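For what it's worth, numbering that gives the first Met the number 0 labels the leading residue of the sequence shown as 0, then goes sequentially. Yeah, the Cβ is synthetic: ideal placement off N, Cα and C, and Gly gets one too. Treat the numbers as computed from the prediction; the structure is a model and nothing was measured. Structure first, then comments.
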Amino acid sequence: MPDTNKPIDAVELLTQQHREVEEMFERFEKMTDRAKVSKKKLADEICKALIMHTTIEEEIFYPATREASEDTEDMVDEAVVEHASAKDLIAQIMEMDPDDDLYDAKVKVLSEMIDHHVEEEEKEMFPKTKQLKLDLKALGQEMQARQQEIEASQ
0 MPDTNKPIDA
10 VELLTQQHRE
20 VEEMFERFEK
30 MTDRAKVSKK
40 KLADEICKAL
50 IMHTTIEEEI
60 FYPATREASE
70 DTEDMVDEAV
80 VEHASAKDLI
90 AQIMEMDPDD
100 DLYDAKVKVL
110 SEMIDHHVEE
120 EEKEMFPKTK
130 QLKLDLKALG
140 QEMQARQQEI
150 EASQ
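Shown next, in the form of structure tokens:
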């Protein structure tokens with residue numbers, strides 16, 4: 000996770016989290032079927048990171064982006080719908096055992112969903128957000144504070 004003591008702008012924070020989750024998915028994919036305990040632990044770590052990430056986006060980043068420009072409304076709406084689908088899959092994965100038939104498949108599908116979501120955010124939403132009259136540093140600080148609250152409660 001990023002150093003939550005150092006101020007970082009909102010887009011940088013979210014992008015950094017994207018890279019961290021991608022790296023975790025890559026590690027998961029390289030694990031063998033015999034590493035069931037490690038797979039479950041890593042999958043749960045991925046799920047918790049995604050829950051934290053989606054929470055700070057939905058509570059802070061998306062509302063600020065939507066409020067700053069009507070042009071972002073459709074983009075934010077699509078992102079929220081994508082989050083809902085991801086959260087459903089996350090809940091299923093967290094309740095499953097790595098021995099379950101569809102466990103690896105569900106983690107793989109979640110990875111693909113997140114890849115798609117990240118690509119849209121980084122190629123469309125983030126460049127547009129950077130053009131808006133938003134204080135991305137202040138937004139980043141607010142998001143980091145919320146992240147610390149979430150991490151403390153997990």
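One alpha carbon belongs to residue 15, the other to residue 128, and they sit about 16 Å apart. Nearest to residue 56 by alpha-carbon distance, out of 68, 93, 73, 79, is 79. Here DSSP, grouped into helix, strand and coil, assigns residue 30 to coil.
For the alpha helix (DSSP H) assignment, the uninterrupted runs of no fewer than 4 residues enclosed by the region 97-153 are, from N- to C-terminal side, 102-119, 125-130, 135-152.
For residue 45, the enclosing alpha helix (DSSP H) starts and ends at 35-55. Apart from sequence neighbours up to five positions away, the residues of its chain that approach residue 68 with a beta-carbon distance below 8 Å are 127, 131, ordered along the chain.
By a beta-carbon distance limit of 8 Å, residue 89 contacts residue 49. Their separation comes to about 6 Å.
In this structure, residue 27 lies away from residue 35, with their beta-carbon atoms at least 8 Å apart. A direct Cα-Cα distance of roughly 29 Å separates residue 153 from residue 65.
Residue 120 counts as buried, since no fewer than 16 other beta carbons sit within 10 angstroms of its beta carbon. In this structure, the beta-carbon distance from residue 95 to residue 46 does not fall below 8 Å.
In the structure shown, residue 68 adopts coil according to DSSP, grouped into three states.
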